[in-house]
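Enquirer: Pasting a structure here, questions to come.
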Amino acid sequence: MSRMDPREIAFLLDEVLEVPGLLDRPRFAHLDRGAIDQVLETAAKLADEKFGPHYHEADKHEPDREGGTGKVVMIPQVKQAVDAFAEAGFLAAHHDEERGGLQLPWTVVQAAFSFFQTANIATAAYPFLTIGAANLIDSFGTEAQKQRYMAHMLTGRFFGTMALSEPQAGSSLADIRTLAVPNEDGSYSITGTKQWISAGEHELSENIVHMVLAKIKGGPVGVKGISLFIVPRYRVNEDGSLGDHNDVRLVSLLHKMGYRGTTSTILAFGEEGRCQGFLLGEPHKGLSYMFQMMNEARIGVGLGAAALGYAGYRYSLEYAKTRPQGRPAHAKDPASPMVPIIEHPDVKRMLLQQKAASEGALALCLLCARLVDEEKTAEEPEARKRAALLLEVLTPIAKSWPSEHCLEANKWAIQILGGYGYTRDYPVEQYYRDNRLNPIHEGTYGIQALDLLGRKAFMQDGAALALLGQEVQGTIKAAAEVPALAGYAAELGKALALVGETTATLGKAMAGGQAAPALANAVAYLELVGHTVLAWTWLRLALAASKALAEGRGDPDHLNGKLAACRYFHAWELPKIRAQAKLLQSLDTTTLETPAAWL
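Going by UniProt numbering, the letters in the sequence shown line up with residues 1 to 599, in that order.
As C-alpha cells, this is what we get:
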C-alpha cells in the first residue's frame with residue numbers, strides 16, 4: 001500500500017497555495033493552522049487504517065448480487081471505511097457550521113480527500129459522489145429539499161449519485177429519453193433507463209439519492225429541455241423516515257477493468273409507474289445546474305488520477321531503492337556488488353516522469369480547489385470573477401492532463417518492477433487498471449479537448465485564455481529573477497507565445513468557415529495548452545521550493561526534488577509542444593478526410 005506524503009500536502013498548502021492567508025477571511029476565521037493539521041492528520045490516519053488495507057481485496061472480490069434477495073453485497077471493509085469517513089465529518093466538512101459542517105476551505109477538503117484517493121480510489125468514490133450530489137442540492141434546492149435529503153447526506157445516512165448517461169445517448173445528453181410527467185402533488189413521474197451510474201446500488205447507506213437528468217413531457221427538444229430531479233431509492237417522509245421503495249430497479253451490475261470496488265450500474269426508473277422525482281431548481285435548466293456537479297467531478301477525477309499516479313510512483317520508488325540488480329555501465333568486474341536499480345539512469349528517468357506527472361497534476365488540481373475558495377470568499381468582486389474565469393479554462397485541463405499522463409506514470413511504475421509489475425501480487429498493475437478509467441470518466445479526452453478549443457479558448461472574446469496568460473507571465477517574471485530558474489522562465493515564455501500564435505491561427509480558421517479542420521485536431525491543442533500549464537505549475541513549485549531552501553525551511557531533499565522534477569519537465573516534456581503546434585497550425589485534415597470504410 002502506498003500513501004500520500006504529508007510533506008507534499010503541507011508544501012502545496014503553505015508554500016504554493018497560501019492557504020494560511022485564507023484563514024484571515026471571515027468564513028474561515030474560526031480556524032487556525034493547527035486545526036488544518038488536525039484535519040489532515042485525521043484523513044491520513046483513516047486512509048491508512050480504513051481505506052488502504054482493503055484496496056486489493058475490494059478489487060479481487062468485487063460487488064455482486066446476492067442470490068435470493070437481489071441485493072448488492074460487497075466486502076464489509078468498504079462500509080466500515082465509508083462509515084468512518086462520515087463519522088469523522090468529512091462529508092460535511094466544507095458546509096456551514098449550522099448544518100453540522102466545519103466550514104473548511106475547499107482547498108483543505110480536497111487536500112484531505114487526496115489521502116483517501118491515494119489509499120483506495122474505489123471506496124473513495126462513494127463519498128466523492130455523495131459530496132457532489134449534496135453540493136448540488138445545497139446550491140439549487142429549496143430549504144425543504146435540503147432538510148429532507150441533503151441533511152442526511154451530510155451525515156452519511158443517505159448517499160448520492162449523478163445519473164446522466166443512457167444506453168443510446170452516452171455523452172450526447174441532448175438525446176436522453178428519460179421522461180418526467182408532472183403529478184398533481186407537485187412531484188413528477190419518472191420513467192427511463194440510466195447506464196454507467198457509479199454507486200447506483202449498494203447497502204452502504206439507508207438510502208441513495210439519485211440526481212437524475214430527464215425531460216419534462218412537452219418541453220423543448222435537445223439540451224434546452226433537460227431538467228434535474230431528485231430521485232431517491234426510497235421515498236422520504238417529512239420527518240426523515242423512509243417510506244416505500246421508489247420504483248428504482250437495478251437492471252445490471254457492470255464489470256469493469258478498474259474501480260472494481262465501486263458499483264457501476266444500469267438502473268431502470270418507473271417500470272411499475274411508481275417512481276417519483278422532485279424538480280431541483282427551475283424547469284429546463286437541469287443541464288446548467290448539473291454542470292456544477294460535472295465540473296466538480298471533472299477536477300475530482302483529475303485529482304484521483306494524480307493520486308493513482310502518485311501511489312504508483314511512491315511504490316516503484318521504494319522498490320527501486322531496495323531491489324539490487326546489475327551494475328553501473330562503467331563497472332566491468334562481474335564480481336563487484338550489484339547496485340539498487342535506482343542507481344541506473346533509465347530507472348531515474350522513469351521515476352522522474354512519474355514524479356513530474358503526479359506531483360504536478362496534484363498541484364494543478366489543488367490550485368483549482370484554491371480558485372473555488374477564491375471565487376466564493378474573496379473580498380473584491382473582481383477577484384471572484386477572475387477566479388471563476390480562470391477555473392473555467394483550467395477545468396478541462398485539470399480533468400484530462402492528469403488522467404492521461406498519470407496513467408502513463410502508472411505504466412512506468414509497472415516497468416520499474418519488471419515481471420513483478422504486471423502480476424497481481426503487487427499493486428502497480430491495479431493502479432494502472434484503475435487509472436485507465438479516468439480518461440473516460442466525466443467526459444472523454446476528446447470531449448474535453450473540444451470544450452477547451454471550441455468554447456473555453458474563445459469565450460468572452462478570449463478573456464479566459466488571456467487571464468491564464470497573465471497568470472503565467474506573472475510566474476515567468478518572478479522566476480526570471482532567480483538565476484537557477486531564469487532559463488526555465490525563458491522557455492515557458494516561448495511556450496506561452498506558441499500557444500497564443502496557435503490559438504490565433506485556429507481562431508482565424510474557425511471564423512473563416514474552417515471550423516471542421518480546426519477542431520479535428522483538438523486533442524493536440526489540449527496537449528499543447530496542457531503541457532504549457534504543467535510547465536507553469538512546475539515553475540511555481542520550483543519558485544516556492546527555492547524560496548523555502550533559501551530561508552532554511554522544510555526538508556532539503558524534498559525541496560530539491562521539486563527542482564529536479566521542474567528541470568525534467570522543462571527538458572523532456574515541454575519541447576513536445578513544438579510538434580503539436582506545427583500540426584495544429586497546418587490545419588492537417590488527415591483524420592477529417594479519412595473515410596470510415598478505409599478504417
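Think of the CB as a built atom: it goes at the ideal place given N, C-alpha and C, for glycine as much as any other residue. Note that the structure is a prediction, hence the values are computed from the model and not measured.
Going by Cα to Cα distance, which pick from S171, P220, K71 is closest to P283?
Expert: The sequence position of residue 283 within the sequence shown is 283, counting from 1. It is P220 whose Cα lies nearest to the Cα of P283.
Enquirer: Using C-beta distances below 8 angstroms, list every residue in its chain close to R65, excluding the 5 sequence neighbours before and after it, in chain order.
Expert: By 1-based counting over the sequence shown, the position of residue 65 is 65. Correct list, in chain order: K71, V72, V73, L250, L253.
Enquirer: Alpha carbons only, please: which of K582, V529, L563, A518 is nearest the one belonging to T589?
Expert: In the sequence shown, the residue the question calls residue 589 occupies position 589. Ranking K582, V529, L563, A518 by Cα distance to T589 puts A518 first.
Enquirer: Threshold first: 4 residues or longer. Then list the alpha helix (DSSP H) segments lying entirely within the UniProt domain "Acetyl-CoA dehydrogenase-like C-terminal" (470-594), N to C.
Expert: Entirely contained in the UniProt domain "Acetyl-CoA dehydrogenase-like C-terminal" (470-594), the alpha helix (DSSP H) runs reaching 4 residues are, in chain order, 486-511, 515-520, 522-550, 556-568, 577-585, 590-593.
Enquirer: Helix, strand or coil, according to DSSP, for P439 in the structure here?
Expert: Locating residue 439 in the sequence shown gives position 439, where the first residue counts as 1. In this structure, P439 counts as coil in the three-state DSSP scheme.
Enquirer: By the three-class DSSP mapping on this structure, what secondary structure does Q195 have?
Expert: Along the sequence shown, one-based indexing puts residue 195 at 195. Three-state result, Q195: strand.
Enquirer: Excluding the 5 residues flanking N237 on each side, which residues of the same chain have their C-beta closer than 7 angstroms to its C-beta?
Expert: Taking the first residue of the sequence shown as position 1, residue 237 is located at position 237. Excluding positions up to five away in sequence, the list reads G243.
Enquirer: Please name the residue or residues paired with V108 in a DSSP beta bridge.
Expert: Counting from 1 along the sequence shown, the entry for residue 108 is found at position 108. Bridge partners of V108: none, in fact.
Enquirer: Is F140 closer than 8 angstroms to Y149 when the C-beta atoms are compared?
Expert: Walking along the sequence shown from the start, residue 149 turns up at place 149. Walking along the sequence shown from the start, residue 140 turns up at place 140. No.
Enquirer: Which runs of the alpha helix (DSSP H), 4 residues or longer, sit entirely within the segment 406-469?
Expert: Listed in chain order, the complete alpha helix (DSSP H) runs (minimum 4 residues) inside the segment 406-469 are 428-435, 445-454.
Enquirer: Taking all protein chains shown into account, do 16 or more other C-beta atoms lie within 10 angstroms of the C-beta of P20, making it buried, or fewer, making it exposed?
Expert: As a first step, residue 20 must be located in the sequence shown, where it is residue number 20. Burial call: exposed.
Enquirer: Pick from E97, T118, F85, Q103: whose alpha carbon is nearest that of P127?
Expert: Here residue 127 refers to the residue found at position 127 of the sequence shown. For the residues E97, T118, F85, Q103, the minimum Cα distance to P127 belongs to F85.
Enquirer: Compare the C-alpha of T42 against each of R25, F113, V78, A515 and name the closest.
Expert: Locating residue 42 in the sequence shown gives position 42, counting from the first residue. Minimum Cα distance to T42 is reached at F113.
Enquirer: For A490, count the other beta carbons within 10 Å of its own beta carbon; 16 or more makes it buried, fewer makes it exposed. Which is it?
Expert: The count along the sequence shown starts at 1 and reaches residue 490 at position 490. So A490 ends up on the exposed side.
Enquirer: Counting pairs of beta carbons, one from the segment 87-107 and one from the segment 15-30, are three or more of them closer than 8 angstroms?
Expert: With the cut-off at 8 angstroms, the segment 87-107 and the segment 15-30 touch.
Enquirer: Give the straight-line distance between the Cα atoms of H94 and M211, rounded to the nearest whole angstrom.
Expert: Counting from one through the sequence shown, the residue named residue 94 turns up at place 94. Counting from one through the sequence shown, the residue named residue 211 turns up at place 211. Near 20 angstroms, if we compare the C-alpha coordinates of M211 and H94.
Enquirer: With DSSP as the reference, identify every bridge partner of D64, one or two as the case may be.
Expert: Stepping through the sequence shown from its first residue, residue 64 is reached at position 64. DSSP output for D64 lists V73 as bridge partner(s).
Enquirer: What are the residues that DSSP puts in a beta bridge with F229?
Expert: Numbered from its first residue, the sequence shown carries residue 229 at position 229. Paired residues: V212, L279.
Enquirer: Out of L584, V39, L453, Y420, state which residue places its alpha-carbon closest to the alpha-carbon of Y315.
Expert: One-based indexing of the sequence shown puts residue 315 at position 315. Per the Cα distances, Y420.
Enquirer: Report back the beta-carbon spacing between A542 and C566 to the nearest angstrom; my notes put them in contact at under 8 angstroms.
Expert: Here residue 542 refers to the residue found at position 542 when the sequence shown is read from its first residue. Here residue 566 refers to the residue found at position 566 when the sequence shown is read from its first residue. Yes, A542 and C566 are in contact; Cβ-Cβ is about 4 angstroms, under 8 angstroms.
Enquirer: Can you name the start and end residues of the beta strand (DSSP E) that Y259 belongs to?
Expert: Here residue 259 refers to the residue found at position 259 of the sequence shown. From DSSP, Y259 is part of no beta strand (DSSP E); its letter is neither H nor E.
Enquirer: Would you report the Cα separation of M153 and L583, rounded to the nearest angstrom?
Expert: Along the sequence shown, read from residue 1 onward, the residue named residue 153 stands at position 153. Along the sequence shown, read from residue 1 onward, the residue named residue 583 stands at position 583. Each residue's Cα considered, the two are about 48 angstroms apart.
Enquirer: According to DSSP, A268 sits in a beta bridge with which residue or residues?
Expert: Along the sequence shown, one-based indexing puts residue 268 at 268. In DSSP, A268 forms a bridge with T193, R249.
Enquirer: Is it right to say L22 is buried, meaning 16 or more other beta carbons lie within 10 angstroms of its own, or is it exposed?
Expert: Along the sequence shown, read from residue 1 onward, the residue named residue 22 stands at position 22. L22 comes out buried.
Enquirer: Return the residue from the list S403, G186, L559 that minimises the CA-CA distance to I299.
Expert: Residue 299 sits at position 299 when you count from the first residue of the sequence shown. Cα-wise, what sits closest to I299 is S403.
Enquirer: Could you work out which residue in P381, R433, V393 is closest to C406 when comparing CA atoms only?
Expert: In the sequence shown, the residue the question calls residue 406 occupies position 406. That would be R433, whose Cα lies nearest to the Cα of C406.
Enquirer: If you measure from the CB of F51, is any heavy atom of the ligand GDP nearer than 7 angstroms?
Expert: Questions concerning the ligand GDP fall outside what the structure shown contains, since it holds no ligand whatsoever.
Enquirer: Going by the beta-carbon positions, is the gap between L452 and A581 smaller than 8 angstroms?
Expert: As a first step, residue 452 must be located in the sequence shown, where it is residue number 452. As a first step, residue 581 must be located in the sequence shown, where it is residue number 581. In this structure, A581 does not lie closer than 8 angstroms to L452 by Cβ.
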